[in-house]
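The structure appears below as structure tokens.
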Amino acid sequence: MTHVGGCYCGAVTLEVSGAPEAMGYCHCRSCRLWSGDPVNAFTFWKPDDVRITSGTESIACQKTPRCLRKYCRKCGGHLMTIHPPLGLIDVFAATLPTLVFEPGVHVNYAETVLPMKDGLPKLKDFLAEFGGSGETMGD
């Protein structure tokens, strides 16, 4: 399965292939500030499954010690966040209009500002295999 997406103005297009490694919600302050929302809907993909198909010259990057946030320099539309420590790329769920978003987990729930009672596991930070504690929290 292939899904095509891009930025707000259409200057940058991308595609993802296969199935995401995980889908869910991130509640960390960094994602909240970047997305301008109380929670970020993520889709994690292996790097080989993500490809920019046009507009690479319009891509800008904001770097932090743990991630590289890619966005369109023309419209400011957010595209993806590369997470080197995780070995995965978060292509924002809203960037992929044909992907059926099926969240399976909440991460960084210790930082939430929008409690969600949806029955999904809520991790204090990340899964242990991604460098987190793996500790779960209640709603």
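Residue 10 is where the sequence shown starts when you use our numbering, and the numbers rise one by one after that. No residue lacks a Cβ here, since even glycine has one placed at the ideal position from N, Cα and C.
Exercise for review: Pair every Cβ in the segment 55-63 with every Cβ in the segment 129-136, then say whether three or more of these pairs are closer than 8 Å.
Suggested key: Segments in contact, no.
Check your understanding: Can you list, in chain order, the residues of its chain whose CB lies under 6 Å from that of P130, leaving out five sequence neighbours each side?
Key -> Taking the first residue of the sequence shown as position 1, residue 130 is located at position 121. Beyond the five residues adjoining it in sequence on each side, P130 comes within less than 6 Å, by CB distance, of V114 and T145 in the same chain, given in chain order.
Review point. Excluding the five sequence neighbours on either side, which residues of its own chain have a C-beta within less than 6 Å of the C-beta of C81, listed in chain order?
Key: As a working note, residue 81 is residue 72 in the sequence shown. For C81, where only same-chain residues beyond five positions count, the Cβ hits under 6 Å are C16, A20, V21 and S67.
Practice item. Consult DSSP for T153 and reduce its assignment to one of helix, strand or coil. Key: With the chain represented from 10 up to 148, any question about residue 153 goes unanswered, as that position is not in the structure.
Point to revise | Straight-line Cα distance separating I91 from S44 | key: Mapped onto the sequence shown, residue 44 falls at position 35. Mapped onto the sequence shown, residue 91 falls at position 82. Annotation: S44 to I91 spans about 15 Å, alpha carbon to alpha carbon.
Practice item. Taking the CB atoms as reference points, tell me whether E30 and L77 lie closer together than 7 Å. Key: Position 21 of the sequence shown, counted from the first residue, corresponds to residue 30. Position 68 of the sequence shown, counted from the first residue, corresponds to residue 77. Their beta carbons are not under 7 Å apart, which means E30 does not touch L77 by this criterion.
Exercise for review: Over the uninterrupted alpha helix (DSSP H) stretch that includes L42, give me the two end residues.
Suggested key: Taking the first residue of the sequence shown as 1, we reach residue 42 at position 33. Counting along the chain, the alpha helix (DSSP H) containing L42 begins and ends at R38 to S44.
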